[in-house]
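The structure appears right after this line, and notes come after that.
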Amino acid sequence: MKDIAQRALNAAQLRGASYADVRVVRQEWQSIQVKNGRVDALAQNESAGFGVRALVNGCWGFASSSRITLAEATRVAARAVEIARASSLARAAPVVLGPALHTVAWYETPCQVDPLRIPLEDKVELLLAADESMRRLKHVAVAEGSMEFICEVKTFASTEGSFIEQRLVESGAGIEVTAVGNGELQTRSYPNSFGRQQMKGGYEQILQLDLADHGEQIAEEACALLSAPQCPSRTTTLILDSSQLALQVHESCGHPAELDRVLGDEASFAGTSFLTTDRLGTFRYGSPLVTIVADATVPGALGTFGFDDEGVPAQRSVIVDQGLFKGYLMSRESAATLGRESNGAMRADGWSRIPLIRMTNINLEPGQWRLDDLIADTDDGVYMAVNKSWSIDDKRLNFQFGTQLAYEIKQGKLGRLLKNGNYSGITPEFWGSCDAVCGASDWRMWGLPNCGKGQPMQTAHVGHGAAPARFRNVRVGIR
Amino acid sequence: MLGSERLERLADRALAMSRADETEVVLIVQDSALTRFAQSRIHQNVSESNVELRVRVLVGKRVGVATTNDLNIRSLRQVTERALQLARLQPENPELAPLPDPQPITQVTSWSVSTREFVARQRAQAVSTICRLANEKGLEASGAFSTSASELLVANSRGIRAYAPSTLAELTTVVMSADSSGFAQDTAIDVAALDAERLGREAVDKALTGRHPQPLSPGKHTVILEPYAVAELLAYLAYLGLGARAFQEGRSFMTGQLGRQITGEQITVWDDGSDLTGLPFPFDFEGLPRRRVELITNGVARGVVYDSQTAFQEHKFSTGHALPAPDVFGPLPVNLFLQPGSQSVDQMLAAVDHGVWVTRLHYVNPVHPLNTVVTGMTRDGTFRIERGEIRNGIKNLRFTQSILDAFRSTRSVGTETRLLPGMVGGIRAPALLIDGFSFTSATQF
């Protein structure tokens, strides 16, 4: 790949690029889906290509191609330069990247068992066993399970002299049951929503999930939800499990902390952010119990890697420190506008797309409580778990989430199961009402493989660590 | 672009290499480019070129799919073998449908040379026009201008050979002041049909009208939904239950409702891949002709769309709505139309005493799929209507609303329609005047 990268960089420079980088990427992925006792989909995919990013007269151009040849490297680099020149027809201040980077390195996801070497029959058998365990109850309409394994090998090179090779491996699996009856439809999934729990690492991640041992339980819960009472609408105390809290962090902290959103780059599509630059360092985002970090170095987490797609090393940085808004997710270019340096958040979806600022692992730091004690300490409220529905406005303030499970809390104990659990709020008010966060024993990493952003749309795989937490005076239910 | 002859040769070669009982080859060629702008400057300008080969094989009642974007001979052989191995490794599915037989396909025009030949400089000129209009009023423009040229070839061992090229152009802008924003969007096969000046003025006018937005209490309000918002609701309606798979699994609001009144009589929805006023395309990803399907007629549930697999399970014919295999979601409508009505938007406005004008919706997601309840926010042009006139901008509202209930409460349907991008394909929709639309909370801007 070195010759392709070198050719592309040379061609871009010869045509006038002041900076260029190239990523040559090869992805292999395997998808397995079973449904109602049958294999529903089974696919082995591969995709390879390269993308060239060029800076000319202070403007960006990007071009990519699936044909990995020296001649195509020249053509694509020339196209990136031509596009960059066109960009200068509507330009403002020239792009500044900050200090030059010169890194030569190799990184590989630690992986005990290469998932693509496990026989397919074993994977199908495991999923079918879980599927069977979900289909024993009358109202189960759909039982399904899935696995996804991804191996990405990528080479990054830049005109500043960086040359970085990485091999990133992901493994994920999950099961889901849909029950229909009494004019209702209810879904339960394990271990998380979004089809599966995805992690960086090998097949050992799948075996730890014990899918088949959880099928019967989620089927029973889905069926019980069909006749459960509706979650009442009121303002009350809310305790969220760690998986729902992970999505809360994702939507209400991760996205608004992306500096490209803040600077307006996503204004017409995903939106902007309430975390404007004048609030950096002074804005009270949440209560003093709320500390949120971006950490691309957590072992096994989905947003962990060696280097981002600008060649910046994976790192840990603080976004919210004891409730105070302290930092953004940044690229080299956006960091330079604040006089800072990138914290390694530029990532692209495959070879064909330009890197954007993306979440890495955005984690709510653990507190001191144990979940049992937290519930025992709550007189009246609702406990909600596992996401079902999500929506947030285009500045990331007004949100509404639905969960698969909701239980009333009465006098320190979990009470009735409630259907259609739902809560809403305004981001800083919600985090400001946090009065307890559970500790390390309840803290868990979750992998979200479906984070969409950008045009053309890119899907990022990101991680979130969280422990259950309690929030006061939250509006639950829908009036 | 590779052309039909070259793609057919590739497909024939892959079919000849396959040792499976039945084989399907799908080739997707795409050249696309996109210019994004924000703060009245271009900040992202990209192009990509890709070819994807998808091979689906059947071995008895087993199926396997493999894909690659490397088209050399060795790779063709590997991908067909890999699909075969995948198929052999799995248990039989007695309900698996065979690959479809060829059916006559009526070609429709979905290609424009001007779109194919549109270059970055031309996109930048259109962007400059919008930025100029915004800057003249002290506003900032953002948005995206994309063009693409694609080819799709489907071939199978039963004799299907379907090929069509297509192009698509889309221009979107959001123009912003410090406390308001305005949206405009257009999509077309021919880029020449997109008018940057008109879109820029539409968005600028909205942003200016919405300045100094006032809060409005949530609750049930009469609304006028612009086609942008209506198209979003239609897209979710299709996603939640207008495909045969959800229908067969009992997850669709259409299950058990065919022949029954499910919306008001003014609502008629169909899917038609041959209608030249949409984004027509002659066939689906199995190489079968896209047939017109009546989905809701005068409020009565009429049907859902099928691919070969779901049709096989009901002993029906596919309607030509297959997505690329392996497709766990099932068939989807991709050329949706909502029948226009008899009232102009001005007439609708005059008929509203107190209400809310909604330009577009943001981050819509299902809350209760079976009841078609979705939630989302208003965005980029939300106004208070008083005594038949747009009075002032209002701060954005969250809605939590059943789509079918909204269509039951539709007072009138607009005469003018607009072609807009859907989740997949296109949607042509008019504005709707709806009573009792449920806003459940408000935001701060």
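Protein sequences, first through last, are from chains U and C. Every letter in the first sequence is one number past the one before it in numbering that gives the first Met the number 0, and letter 218, counting from 1, is 217. Every letter in the second sequence is one number past the one before it in numbering that gives the first Met the number 0, and letter 108, counting from 1, is 107. Where a beta carbon is used, it is the ideal one built from N, C-alpha and C, also for glycine.
Cβ contact check for the stretch 73–82 of chain C and the stretch 381–394 of chain U: 3 or more pairs under 8 Å: no
Residues within the stretch 54–65 of chain U neighbouring chain C, beta-carbon criterion of under 8 Å: 58, 59, 60, 61, 62, 63, 64 and 65
Residue 360 of chain C vs residue 317 of chain C beta-carbon contact at 7 Å: As a position in the second sequence, residue 360 of chain C is number 361, starting the count at 1. As a position in the second sequence, residue 317 of chain C is number 318, starting the count at 1. Contact: no.
Residue-level contact to chain U via CB, residue 362 of chain C, 7 Å cutoff: Position 363 of the second sequence holds residue 362 of chain C. Yes, its Cβ sits closer than 7 Å to a Cβ of chain U.
Distance CB(residue 327 of chain U)-CB(residue 427 of chain U) smaller than 7 Å: Taking the first residue of the first sequence as 1, we reach residue 327 of chain U at position 328. Taking the first residue of the first sequence as 1, we reach residue 427 of chain U at position 428. The answer is no: Cβ separation not under 7 Å.
Within chain U, partners of residue 400 of chain C - CB distance below 7 Å: Residue 400 of chain C sits at position 401 when you count from the first residue of the second sequence. The contacting residues do not exist; residue 400 of chain C stays about 10 Å from chain U at best.
Element boundaries [alpha helix (DSSP H), containing residue 134 of chain C]: Translated into the one-based positions of the second sequence, residue 134 of chain C becomes position 135. 119–135 is the extent of the alpha helix (DSSP H) around residue 134 of chain C.
Three-state secondary structure (DSSP) of residue 350 of chain C: As a first step, residue 350 of chain C is located in the second sequence; it is residue number 351 there, counting from the start. Correct three-state label for residue 350 of chain C: coil.
Check whether residue 320 of chain C and residue 304 of chain C have beta carbons under 7 Å apart: On the second sequence, position 321 is the one that residue 320 of chain C refers to. On the second sequence, position 305 is the one that residue 304 of chain C refers to. Against a cut-off of 7 Å, the Cβ pair of residue 304 of chain C and residue 320 of chain C comes out as a contact.
Cβ-Cβ separation, residue 291 of chain U to residue 362 of chain U (assumed contact under 8 Å), whole Å: The residue given as residue 362 of chain U occupies position 363 in the first sequence. The residue given as residue 291 of chain U occupies position 292 in the first sequence. That pair is a contact at about 7 Å.
Below-7 Å beta-carbon distance, residue 420 of chain C vs any chain U residue: In the second sequence, the residue the question calls residue 420 of chain C occupies position 421. No - not a single Cβ of chain U is within 7 Å of the one on residue 420 of chain C.
Cutoff 6 Å; reference residue 264 of chain C; Cβ partners in own chain excluding five residues on either side: Residue 264 of chain C sits at position 265 when you count from the first residue of the second sequence. So the list reads 297 and 298, once near-sequence residues are dropped.
Residues bridged to residue 42 of chain C [DSSP beta-bridge criterion]: Residue numbering aside, residue 42 of chain C sits at position 43 when the second sequence is read from its first letter. Per DSSP, none; premise fails for residue 42 of chain C.
Distance between residue 208 of chain U and residue 34 of chain C (C-alpha atoms, nearest Å): On the second sequence, position 35 is the one that residue 34 of chain C refers to. On the first sequence, position 209 is the one that residue 208 of chain U refers to. Near 43 Å, if we compare the C-alpha coordinates of residue 208 of chain U and residue 34 of chain C.
For residue 219 of chain C, the residue or residues it bridges with in DSSP: Working through the second sequence from its first residue, we reach residue 219 of chain C at position 220. Its beta-bridge partners are C:437.
Chain C residues whose Cβ lies nearer than 9 Å to that of residue 119 of chain U: Taking the first sequence and counting its residues from 1, one reaches residue 119 of chain U at position 120. Residues of chain C passing the Cβ test: 84, 85, 88 and 89.
Three-state secondary structure assigned by DSSP to residue 44 of chain U: Here residue 44 of chain U is taken as the residue at index 45 of the first sequence, counted from 1. Looking at residue 44 of chain U - three-state DSSP - the assignment turns out to be strand.
Best match in U:380, U:401, U:369 and U:364 for proximity to residue 368 of chain C [C-alpha to C-alpha]: Translated into positions along the second sequence, residue 368 of chain C becomes position 369. Per the Cα distances, U:401.
Under the three-state DSSP convention, the category residue 465 of chain U falls into: Residue numbering aside, residue 465 of chain U sits at position 466 when the first sequence is read from its first letter. In this structure, residue 465 of chain U counts as strand in the three-state DSSP scheme.
Below-7 Å beta-carbon distance, residue 16 of chain C vs any chain U residue: Residue numbering aside, residue 16 of chain C sits at position 17 when the second sequence is read from its first letter. Output row for residue 16 of chain C: interface = no.
Residue 169 of chain C beta carbon less than 7 Å from that of residue 420 of chain C: Taking the first residue of the second sequence as position 1, residue 420 of chain C is located at position 421. Taking the first residue of the second sequence as position 1, residue 169 of chain C is located at position 170. Yes, the pair counts as a contact, with Cβ atoms nearer than the cut-off.
C-beta contact flag for residue 452 of chain C and residue 1 of chain C at 7 Å: Chain C is shown only over 0 to 444; residue 452 of chain C falls outside these bounds and no answer can be derived.
Residues near residue 439 of chain C in its chain [Cβ-Cβ closer than 7 Å; skip 5 each side]: As a working mapping, residue 439 of chain C is identified with position 440 in the second sequence. Once the five neighbours on either side are set aside, the close Cβ partners of residue 439 of chain C are 217, 397, 398 and 399.
Buried or exposed (CB count within 10 angstroms, at least 16 for buried), residue 385 of chain C: By 1-based counting over the second sequence, the position of residue 385 of chain C is 386. Result: exposed.
Cα-Cα separation, residue 40 of chain U to residue 55 of chain C: Taking the first residue of the first sequence as 1, we reach residue 40 of chain U at position 41. Taking the first residue of the second sequence as 1, we reach residue 55 of chain C at position 56. The alpha-carbon atoms of residue 40 of chain U and residue 55 of chain C are separated by roughly 11 Å.
Exposure of residue 328 of chain C, with buried meaning 16 or more beta-carbon neighbours within 10 Å: As a position in the second sequence, residue 328 of chain C is number 329, starting the count at 1. Label assigned to residue 328 of chain C: exposed.
Closer than 7 Å to chain U by CB, residue 165 of chain C: As a position in the second sequence, residue 165 of chain C is number 166, starting the count at 1. Not closer than 7 Å to any Cβ of chain U, the Cβ of residue 165 of chain C fails to qualify, so no.
For residue 254 of chain U, the three-state DSSP class (helix, strand or coil): Mapped onto the first sequence, residue 254 of chain U falls at position 255. DSSP places residue 254 of chain U in helix when its eight states are reduced to three.
Test: residue 226 of chain C CB closer than 7 Å to a CB of chain U: The residue labelled residue 226 of chain C in the question sits at position 227 within the second sequence. Not closer than 7 Å to any Cβ of chain U, the Cβ of residue 226 of chain C fails to qualify, so no.
Close beta carbons around residue 132 of chain U, own chain, < 6 Å, minus the five adjacent residues each side: Counting from 1 along the first sequence, the entry for residue 132 of chain U is found at position 133. Once the five neighbours on either side are set aside, the close Cβ partners of residue 132 of chain U are 211, 214 and 215.
Terminal residues of the beta strand (DSSP E) in which residue 143 of chain U lies: For this step, residue 143 of chain U is matched to residue 144 along the first sequence. Start and end: 139–157.
7 Å Cβ cutoff, residue 250 of chain U in contact with chain C: As a first step, residue 250 of chain U is located in the first sequence; it is residue number 251 there, counting from the start. With 7 Å as the cut-off, residue 250 of chain U does not count as an interface residue toward chain C.
Contact with chain C by residue 347 of chain U, beta-carbon distance below 7 Å: Taking the first sequence and counting its residues from 1, one reaches residue 347 of chain U at position 348. Not closer than 7 Å to any Cβ of chain C, the Cβ of residue 347 of chain U fails to qualify, so no.
Start-to-end residues for the alpha helix (DSSP H) that takes in residue 430 of chain U: Stepping through the first sequence from its first residue, residue 430 of chain U is reached at position 431. Residues 426–431.
Residue 304 of chain U (DSSP reduced to helix, strand or coil): As a working note, residue 304 of chain U is residue 305 in the first sequence. The answer is coil: DSSP assigns residue 304 of chain U none of H, G, I, E or B.
Integer Cβ distance of residue 26 of chain U from residue 85 of chain C, believed to fall under 8 Å: Walking along the first sequence from the start, residue 26 of chain U turns up at place 27. Walking along the second sequence from the start, residue 85 of chain C turns up at place 86. Incorrect: roughly 18 Å between the Cβ atoms, too far for contact.
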